Amino acid sequence: MTPAPLITPNELQKRLGEGRLRIVDATVHLSFDADGAHVRSGRDTYLQGHLPGAVFLDQITELSDPNGEAPFAAASSENFAAAVGAAGIGNDSTVVVYDTVNGIWATRLWWQFGLEGFDDVVVLDGGYNAWVAAGLPTETGESTHPAATFTAHRRPERIASTDEVVTATAESSVLLVNALDRESFAGGHIPSSVNVPFGELVDEAGTLKPLDELRGLFADAGALDPTVRPVTYCGGGIAATAAAFALKALGRDDVAVYDGSMNAWTADPDRPLSSADSRS
538 MTPAPLITPN
548 ELQKRLGEGR
558 LRIVDATVHL
568 SFDADGAHVR
578 SGRDTYLQGH
588 LPGAVFLDQI
598 TELSDPNGEA
608 PFAAASSENF
618 AAAVGAAGIG
628 NDSTVVVYDT
638 VNGIWATRLW
648 WQFGLEGFDD
658 VVVLDGGYNA
668 WVAAGLPTET
678 GESTHPAATF
688 TAHRRPERIA
698 STDEVVTATA
708 ESSVLLVNAL
718 DRESFAGGHI
728 PSSVNVPFGE
738 LVDEAGTLKP
748 LDELRGLFAD
758 AGALDPTVRP
768 VTYCGGGIAA
778 TAAAFALKAL
788 GRDDVAVYDG
798 SMNAWTADPD
808 RPLSSADSRS
């Protein structure tokens, strides 16, 4: 089975100082009010405290395509390569990603690296909070590394468009996995979807649950069936990557993320929504 793409704080602490190691703070702050969802860069909190030597990559501006199908659409391969190369991440780097919130921004960046053909990347289990809870050192201010050359090789099979998802709703060979909370799922989702909430993939400390527990969640949803290909989605393509990450930890290498997710799906009022789980 594929090992979980995770590293613990203590494991990472032992590797600090390795020449090819690059640690990335991927934090974005997401909030909701009567006017909807709002995102704010995590740069300010990064400057206030981050892992030793960690750089910051802004997923709002540097790693998203403002002309994409929906907000937070993945940046082009060219723009992604330029941004991570400028941060000192090269083809021979070993990358550790983390965030200071609930982990989904770290898995989003993990997914984007994989989308661009780069696999030497792991997520810090429990993120910044786990690092601090372990009593490990932090730094303030900006950390930098010399620019490096990063070569992107897009894997189109790792990302799904709205047109592909429309087709998938009528195909038994594709399983749409909604990663939003159960209440949101019940309020409306893409037809033929099942629900595996991202919040149920981690424990109270924000660390990934044991693989046996994850296996039960995804098996109950049918997402471990080798005859189907999982396509994960959520509201904006962020939490969906947490589900893709957990499936990768369980050995599935064929998962795609619907990058536009519900933002793109509901942009056309004629597209159907369901309030029932037709796969269960």
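Count along the sequence shown starting at 1, add 537, and that's the number in the numbering used here.
Idealized CB from N, CA, C, for every residue including glycine.
All values derive from a computational prediction rather than experimental measurement.
Alpha-carbon to alpha-carbon, residue j and residue i
{"i": "Phe-722", "j": "Ala-563", "result": "26 angstroms"}
{"i": "Pro-728", "j": "Ser-601", "result": "27 angstroms"}
{"i": "Gln-585", "j": "Ala-620", "result": "22 angstroms"}
{"i": "Val-733", "j": "Met-799", "result": "15 angstroms"}
{"i": "Phe-569", "j": "Thr-764", "result": "38 angstroms"}
{"i": "Thr-706", "j": "Arg-766", "result": "12 angstroms"}
{"i": "Leu-594", "j": "Val-561", "result": "7 angstroms"}
Beta-carbon gap between residue i and residue j smaller than 8 angstroms
{"i": "Asp-793", "j": "Ala-697", "result": "Note that residue 793 is Ala in the sequence shown, not Asp. Yes. Within cutoff."}
{"i": "Thr-582", "j": "Thr-637", "result": "yes"}
{"i": "Leu-652", "j": "Arg-695", "result": "yes"}
{"i": "Gly-627", "j": "Phe-687", "result": "yes"}
{"i": "Asp-629", "j": "Arg-719", "result": "no"}
{"i": "Val-632", "j": "Val-702", "result": "no"}
Close Cβ partners of residue i (< 8 angstroms) along its chain, the five nearest in sequence each way excluded
{"i": "Gly-625", "result": "Arg-559, Val-592, Thr-681, His-682, Pro-683, Ala-684, Ala-685"}
{"i": "Ala-623", "result": "Ala-684"}
{"i": "Arg-692", "result": "Gly-651, Leu-652, Glu-653, Gly-654"}
Contacting residues, own chain, Cβ-Cβ under 7 angstroms from residue i (five flanking each side not counted)
{"i": "Asp-807", "result": "none"}
{"i": "Met-538", "result": "Caution applies to Met-538, whose pLDDT of 42 falls short of 50 and renders its modelled position unreliable; the value that the coordinates give is listed next. Around Met-538: Gly-788."}
{"i": "Ala-801", "result": "Glu-606, Ala-607, Thr-699"}
{"i": "Ile-544", "result": "Val-633, Val-659, Leu-661, Asp-662"}
{"i": "Leu-673", "result": "Pro-546, Gln-550"}
Nearest residue (CA-CA) to residue i, options the options
{"i": "Ala-643", "options": "Thr-744, Gly-772, Gly-753, Asp-762", "result": "Thr-744"}
{"i": "Pro-809", "options": "Gly-640, Asp-572, Thr-704, Glu-548", "result": "Thr-704"}
{"i": "Gly-797", "options": "Arg-580, Leu-661, Pro-603, Leu-549", "result": "Pro-603"}
{"i": "Ile-597", "options": "Arg-557, Arg-645, Ala-623, Glu-701", "result": "Arg-645"}
{"i": "Gly-664", "options": "His-726, Asn-547, Ala-780, Ser-578", "result": "Asn-547"}
{"i": "Gly-678", "options": "Ala-780, Leu-717, Arg-580", "result": "Arg-580"}
Sequence-distant residues of the same chain with beta carbon closer than 6 angstroms to residue i, five excluded per side
{"i": "Ala-541", "result": "Ala-786"}
{"i": "Ser-730", "result": "Leu-713, Asn-715"}
{"i": "Cys-771", "result": "Ala-716, Leu-717, Ala-777, Ser-798"}
{"i": "Ser-578", "result": "Asp-595, Ile-597"}
Kindly confirm or deny that the segment 747 to 764 and the segment 707 to 721 touch, where touching means at least three C-beta pairs closer than 8 angstroms.
yes
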